[in-house]
Each structure stands twice: as structure tokens, then as C-alpha cells.
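Single-structure report; data block below.
Residue numbers (this note's numbering): 985 to 1574.
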């Protein structure tokens, strides 16, 4: 699977590791840290493939077939109720994440108790999502499969959950079935998908239940419908039988696997990843490595030219270099200060959004609470009504806050990515100007490599908010005069529960706001650290080279010759590394 991408990735890792060794030899810990962090990003980057479609199209069976074993439950009735993530790992395990932020590890075989409508009707267990770790070869290069609830079933909450995962997809498999023509709900869903997912592969499933003639007609009809709805002739449509593919892999039956036509789909996915994300990962990392290599090479050239100058001339040039460096370092600190101010604006926006949300949603929740009490008060005692109201308040607050937090998270991720990207580009411009000034002062040539935004997929700079459970404090019990007639107590209950609703909503909106703001501030501290690290790497490389030249000019002729020979060896190593990294940059357009 993904053989070409794996080969290129291995070459990249080897080249960066060699560059780390050279940076270590030069005692440039800043460059070492940057390159080590780049390798970690390459290793952790993922490709999220979301499987979508109407209910009962065979989505779960298709995922099982891709993985090669029956991880997800399947059945005749609409089944999947909770989004399920499957990623690579050495040991099979599963984690259930609840709406309140809690998580619990369970055996993989036990996820049926949480993800199915039968075992978890209307999500009474309050599950947000389930993550499965499994050692499947298909997942080994960072592919994450997401099984979404089918849209169009009788369960509207399933449809809502499926829509919620659209923005998370790097690509999507949209599953259609030969036993049911494309319907209005399916086409409406598809139009929504197109707004969020730019890479779509359509799967016409269950081809094993129709004749070749009927399959040809179904393919022709489906393709024409998709072209008409999407207004494009460029449709990726793959016919297959997920059932036969799964059986073929389980039974090691090559003939059945070939009949299923699953290989066509797997090849398409592999090519999509290689061309789309694989190329981006490799070219972005190779670009950063090349820019650091340029800086290390420039350091060698400055050392060489410094060794040729007189001591007085070298000291004059070093003074000019340090003046330019001080100016650009101040510009860097000014940029970081502005970055913090930009993030302060984002934090203020979070506060404004949450305050507006609280004002907007309270009347709606208060109306729901009043209706709930009107319905339950005649059938229960005062104490029972108060207890039921307590649980109901927790439920409705949790529901709206989870939605708002996820919405705000997505906005903040996008906005922070935009701001951070601007400042990364600004720092790279400062680096380029420092190198150009150094080259001019010492009259040497410098290699130039275009800066690429360090964006690996949609996880720009790996920005993620922390997950915190929403805190719902206990609802104070109503203390009322037990001798008063029950009819007179209803107004009191309504007043007390409304006040408690307002207090709990305000407290929890504040908690969500604080969580989001703290996450923003933590991330900006990380980005500011990386910005300083980036400029410190080039500054150290050049300063260290000049300092060495200054010291070695006082050494013996034999020692100077030994240093020159070492310099030539390093130049040769840099030359080979440059060839390797530049060849990897071409992958993006291959």
C-alpha cells in the first residue's frame, strides 16, 4: 500500500536525519530542534477519509473490507448511530468519548454497545464518538477511517452527527448502492458534502446482487445523475462489492477479492493520498530542511571568506553583521509582540461570541424548561418535579454548549491558522534578509529556496484545542413549605428553576470561554517559541561560523589546513543532501 509515497517518505527522513547530524556537529541546537520537530510532524501527519452516504448503503461493511476484518457491527436495520474513528496502532483497542469529556477504554468487540441504535437508542448513553486502534496495513501510513451515521434514516440525530463530520475530511467516500436509485435526500446531502470536501470518490456498492447488464445500466444512470447534480464531467465512480471484498480478505480468497473490485478503490485512494497530501507533507518538510541547509552552507562560506580576510577586515565585517543581526532580531521581537496582540483579539472575539450565545439561547432554554415543568408538575410531587427539572437543565445546557464549543473551536482553528501563517511568513522573510545582508557583507553567494507555508493538510501547524469536560454543578434542591397547597408551589418552582438555569448557563458558558481562551494562549506561546527558534537557528549558524573564523585565524597553519579540509568534506555532504532534498520537492508536481 502506498509504496511510492513510503519510499519518498523514507528518503526524506534519511536526508533530514543526516542534516541533523551535521547541525549537531556544528553545535547548532536550534537547527537540530527545528529539524527534529519537522520529523515528528511527518511521522504524526494523518489523512482522514470519511465514509458517507444514506443509511443502509453498506458503509460499515466497506470500512471493514478496507481494514480487512469485522471491526464495525453491521445489520439489516439502520445501525450506526455514533461516529467511529479507526486509526493505526500496534495493539487493538477502543476508546469511548462521552459528551461531557469523559472517556473509557473498552475491548474492540464491545463498541457495539455504544455505536449502534439498538444498544444505544437515540444516544441515551451520551456518546460523542468512538476511536478504534487497529494494526491494519491499510492504515499504516496515517490513514484514519471515519464511519458516520447514515443520513436519511428515521433517526434525525444520526443525520445531524453525519453532517457534523463534513469539515474534518481530507477526502470522502460517498457510498451508493445498486439496489436503490439516488434519492432526493441523498442528492441534498451530496450537495452539502461538496461545500466541505473537495476530493470525493463515489462507491457503487453491492454489485454482487445484480447481473452485468443491470450493473452497466446502474453505473450509467448513477454517473449521469452525479454529473448533472455536481455540474461536472469529472466523476470518480468505483463499482464494488464490500461484502465480497471482506470475505475475500478474511478467507484469503484471491478470486473473490478480484471479483469484488476492491483493488480499484484502494489504488484510487493510494494515488489520491500520494498526489494530494503525501506530496504536501514531503515538499513542505523538504523545503524547510533545504532552507536550514542553505543557512548551514552559508555559515561555511562565511567561515571560508573570513579565513581569507585580514584580522582587521574580518572584525570590521563581523561588526557590520552584528549590527544587521541586532536590527532584524528586534524586528522579530516586534513581530512576536504583534502576534500576541492578534491572538488577544481572537480571545476577545471568543468572549463576545459566548456572551451573545448566552443571551440568544437563554430564552429558548427557559421556554423548554417551562414546558417541561408544565408537563411533569401535575404527575409528580414537588420534590420529584424539582429533581426531574435538575436533570433536564443539565441535559439542555450540555446539548447547546457542546454544539457551541465545537463551532467556536472550528472558527478559532481557522482564524489562528490564518494569523500564525502570516507571522511564520514574516519571520522567514527576516531570515532571508539576514542571509542576504550577510552574503553582501562578505561577498559570497547564497542558495535560495522558496518558502512554503508549513501547512500539513488541514491541521495547520497542528493546532488543536484541549478537550475539557463541561462542568455542571449540582442543582440546588428546592426548599419550600411542605404544608402549602401544591397548586401554589408551581409558580415558585418555575421561578427557582429559571434562576438556576440562568446561573448554570452563565457558569458553564464562562467555563467554555475560559477553556477556549486558555487553549489559544497556550498555542500562541508554542508558535512564538517556534518563531524565535527559527530565527535563532540561522543567527547561531552565521555567528558561530564567524566566531570560529576569528579564533582559527590565530591558529597554526597546520591547524588551519585541517579546518579547511573538514570544511570541504562538509560541503560535499551538503551537496549530496541538496540533490536529495531538491528531488523530493519535485514530488509535489509529479
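From the three backbone atoms N, C-alpha and C, an ideal C-beta is built for every residue, glycine too. Note that the structure is predicted; figures quoted are calculated from it, not measured.
Residue i classed as buried or exposed, judged by whether at least 16 other C-beta atoms fall within 10 angstroms
{"i": "residue 1175", "result": "exposed"}
{"i": "residue 1247", "result": "exposed"}
{"i": "residue 1351", "result": "exposed"}
{"i": "residue 992", "result": "buried"}
{"i": "residue 1418", "result": "buried"}
{"i": "residue 1415", "result": "buried"}
{"i": "residue 1047", "result": "buried"}
{"i": "residue 1155", "result": "buried"}
{"i": "residue 1043", "result": "buried"}
{"i": "residue 1049", "result": "buried"}
{"i": "residue 1347", "result": "exposed"}
{"i": "residue 1230", "result": "buried"}
{"i": "residue 1138", "result": "For residue 1138, the predicted model reports a pLDDT of 36, less than 50, meaning its position is unreliable and no value from the coordinates is stated."}
{"i": "residue 956", "result": "The first residue shown for the chain is 985 and the last is 1574, placing residue 956 beyond what the model contains."}
{"i": "residue 994", "result": "exposed"}
{"i": "residue 1283", "result": "buried"}
{"i": "residue 1100", "result": "buried"}
{"i": "residue 1467", "result": "The predicted model places residue 1467 with a pLDDT of 48, which falls under 50 and marks its position as unreliable; any figure quoted below should be read in that light. When all chains shown are included, residue 1467 counts as exposed."}
{"i": "residue 1107", "result": "buried"}
{"i": "residue 1254", "result": "buried"}
{"i": "residue 1024", "result": "exposed"}
{"i": "residue 1389", "result": "buried"}
{"i": "residue 1370", "result": "buried"}
{"i": "residue 1518", "result": "buried"}
According to DSSP, residues forming a beta bridge with residue i
{"i": "residue 1077", "result": "1117"}
{"i": "residue 1090", "result": "1078"}
{"i": "residue 1383", "result": "Paired residues: none, contrary to the question."}
{"i": "residue 1164", "result": "1161"}
{"i": "residue 1071", "result": "1117"}
{"i": "residue 1037", "result": "1159"}
{"i": "residue 1187", "result": "1159 and 1222"}
{"i": "residue 1128", "result": "1032"}
{"i": "residue 1111", "result": "1082"}
Proximity to residue i [Cα-Cα], best of the options
{"i": "residue 1492", "options": "1433, 1379 and 1434", "result": "1379"}
{"i": "residue 1396", "options": "1497, 1474 and 1307", "result": "1497"}
{"i": "residue 1545", "options": "1051, 1320 and 1292", "result": "1292"}
{"i": "residue 1526", "options": "1287, 1366, 1102 and 1184", "result": "1287"}
{"i": "residue 1206", "options": "1195, 1160 and 1090", "result": "1160"}
{"i": "residue 1275", "options": "1130, 1008, 1412 and 1511", "result": "1412"}
{"i": "residue 1073", "options": "1044, 1117, 1045 and 1053", "result": "1117"}
{"i": "residue 1421", "options": "1494, 1311, 1321 and 1481", "result": "1311"}
{"i": "residue 1374", "options": "1360, 1387 and 1385", "result": "1360"}
{"i": "residue 1184", "options": "1197, 1162, 1158 and 1347", "result": "1158"}
{"i": "residue 1215", "options": "1284, 1390 and 1178", "result": "1178"}
{"i": "residue 1334", "options": "1122, 1502 and 1024", "result": "1502"}
{"i": "residue 1020", "options": "1408, 1269, 1198 and 1372", "result": "1269"}
{"i": "residue 1355", "options": "1475, 1130, 1528 and 1100", "result": "1475"}
{"i": "residue 1566", "options": "1273, 1384, 1487 and 1290", "result": "1273"}
{"i": "residue 1114", "options": "1303, 1120, 1364 and 1056", "result": "1056"}
{"i": "residue 1530", "options": "1490, 1306, 1077 and 1365", "result": "1306"}
{"i": "residue 1522", "options": "1487, 1316 and 1490", "result": "1316"}
{"i": "residue 1244", "options": "1192, 1129, 1321 and 1548", "result": "1192"}
{"i": "residue 1040", "options": "1133, 1006 and 1068", "result": "1133"}
{"i": "residue 1555", "options": "1278, 1510, 1363 and 1321", "result": "1278"}
{"i": "residue 996", "options": "1271, 1080, 1221 and 1199", "result": "1271"}
{"i": "residue 1052", "options": "1023, 1123, 1080 and 1024", "result": "1123"}
{"i": "residue 1111", "options": "1259, 1533, 1426 and 1386", "result": "1386"}
{"i": "residue 1377", "options": "1484, 1213, 1429 and 1331", "result": "1484"}
{"i": "residue 1406", "options": "1500, 1327, 1128 and 1430", "result": "1327"}
{"i": "residue 1425", "options": "1510, 1017, 1309 and 1323", "result": "1309"}
{"i": "residue 1186", "options": "1031, 1054, 1220 and 1102", "result": "1220"}
{"i": "residue 1393", "options": "1486, 1338, 1549 and 1543", "result": "1338"}
Cβ distance (whole Å) where residue i is taken to contact residue j below 8 Å
{"i": "residue 1125", "j": "residue 989", "result": "7 Å"}
{"i": "residue 1265", "j": "residue 1000", "result": "The Cβ separation is near 12 Å, so there is no contact."}
{"i": "residue 1109", "j": "residue 1098", "result": "6 Å"}
{"i": "residue 1249", "j": "residue 1209", "result": "Not quite, the Cβ-Cβ distance comes to about 20 Å (not below 8 Å), so this is no contact."}
{"i": "residue 1280", "j": "residue 1015", "result": "7 Å"}
{"i": "residue 1066", "j": "residue 1012", "result": "About 49 Å; that fails the 8 Å criterion."}
{"i": "residue 1349", "j": "residue 1384", "result": "7 Å"}
{"i": "residue 1203", "j": "residue 1188", "result": "6 Å"}
{"i": "residue 1162", "j": "residue 1199", "result": "7 Å"}
{"i": "residue 1490", "j": "residue 1342", "result": "6 Å"}
Decide yes or no for the touch test of the segment 1285-1301 against the segment 1392-1406: beta carbon pairs closer than 8 Å, at least 3 of them. Contact between the segment 1285-1301 and the segment 1392-1406 is absent, with fewer than three C-beta pairs closer than 8 Å.
At least three beta-carbon pairs within less than 8 Å, the segment 1232-1241 to the segment 1534-1545: The segment 1232-1241 is not in contact with the segment 1534-1545.
So does the segment 1032-1052 actually touch the segment 1080-1093, counting three or more Cβ pairs closer than 8 Å? Taking a contact to require three or more Cβ pairs closer than 8 Å, the segment 1032-1052 and the segment 1080-1093 do not qualify as touching.
Counting Cβ pairs closer than 8 Å, one from the segment 1555-1563 and one from the segment 999-1016, do we hit at least three? Contact holds: three or more Cβ-Cβ distances are below 8 Å.
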